[in-house]
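Here is the structure we will look at.
In the working numbering, the protein residues as written are 517 to 838.
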């Protein structure tokens, strides 16, 4: 939603596609659409990207200059109990997008990957030059598969592709299954919050407007093919093919308990803590090395977590009327 609004404000025409599934509150999704619907250059079509005939028809009608895929079945924990959803949404649908971009000769495909691809990596901060061969959730595995699929199409068909590994995105209109929303709702309502790994976790929380700034800049930073030479394929983040991968993160991992303290301060109420062990599929810490992103587009996220949380809580109070 935020990226669409930014592109519309810049004068672009935007066609949005979503299946509006019930993984989380459909009402929130429809409210976002209502916000975008105020723009005369926004068009929305409701269908599933796994429906290849519908997607082929969409591409044939619109002849897109750029394609941005932010659609996926999200969530690490949900993938433990509903694995089939990740195959359909994250692999089949992404394959359909690649095929449509290939045949319609789209100038640039940009797509959301995830910091989850770093999996069991212990070296911090996470760099796009690090190997990512040990995912710890099916969600992470599908996101890494997207990067590999994209590289194949860049190599075989010259399709320029850029993958963006997002680090713990939060902000107004955010997903209600993310910790920021879960914790804020519980604190406001006086309910306990589940604190996994007994709070011994650090996350590279990244404000949504910083994510959008990075995305918009990358859309026009089209990767170029080069003549293969020694070491052309030694770096997982780049290639002789027109292919790139970047991290987008705040590069400032914050302890989970500090994040909870900032929400408490913004809400004006103490949290009731329910300490729990680490959940399967989670990692203890994330941290983004964004040097490559800055070198390519001159931007790195920097919104302080306290500022971002204040803005999120203000939105939460207004939207939920609490």
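We put the CB at the ideal spot given by N, CA and C, even for glycine. Since the structure is predicted, the reported quantities are computational estimates derived from the model, not experimental observations.
Exposure label - residue i; buried when at least 16 CB within 10 Å
i: residue 546; result: exposed
i: residue 604; result: exposed
i: residue 790; result: exposed
i: residue 710; result: exposed
i: residue 818; result: exposed
i: residue 810; result: exposed
i: residue 722; result: buried
i: residue 823; result: exposed
i: residue 600; result: exposed
i: residue 838; result: exposed
i: residue 672; result: exposed
Reference residue i, options the options, closest by Cα
i: residue 575; options: 806, 622, 697, 638; result: 622
i: residue 619; options: 670, 736, 634, 535; result: 670
i: residue 832; options: 524, 773, 688, 582; result: 688
i: residue 646; options: 799, 636, 577, 752; result: 752
i: residue 584; options: 600, 759, 735; result: 735
i: residue 556; options: 739, 626, 528; result: 528
i: residue 758; options: 811, 742, 817, 701; result: 742
i: residue 793; options: 720, 784, 712; result: 712
i: residue 830; options: 730, 783, 725; result: 783
i: residue 775; options: 762, 665, 717, 569; result: 717
i: residue 739; options: 679, 570, 701; result: 679
Residue(s) in a DSSP beta bridge with residue i
i: residue 628; result: 680
i: residue 719; result: 770
i: residue 804; result: 642
i: residue 560; result: 532
i: residue 754; result: 760
Endpoints, the beta strand (DSSP E) within which residue i is located
i: residue 708; result: 708-711
i: residue 788; result: 788-791
i: residue 761; result: 759-764
Where residue i sits in the DSSP three-state scheme
i: residue 555; result: coil
i: residue 528; result: coil
i: residue 583; result: strand
i: residue 548; result: helix
i: residue 811; result: helix
i: residue 686; result: strand
i: residue 749; result: coil
i: residue 817; result: coil
i: residue 618; result: helix
i: residue 650; result: coil
i: residue 593; result: coil
Where the alpha helix (DSSP H) containing residue i begins and where it ends
i: residue 731; result: 724-735
i: residue 662; result: 654-673
i: residue 703; result: 695-705
i: residue 826; result: 821-836
i: residue 798; result: Residue 798 -> no alpha helix (DSSP H), and no H or E assigned at all.
i: residue 577; result: 568-578
i: residue 600; result: 599-602
Check: residue i C-beta below 8 Å from any heavy atom of the ligand ADP
i: residue 649; result: Absent from the structure shown: the ligand ADP. Ligands present: none.
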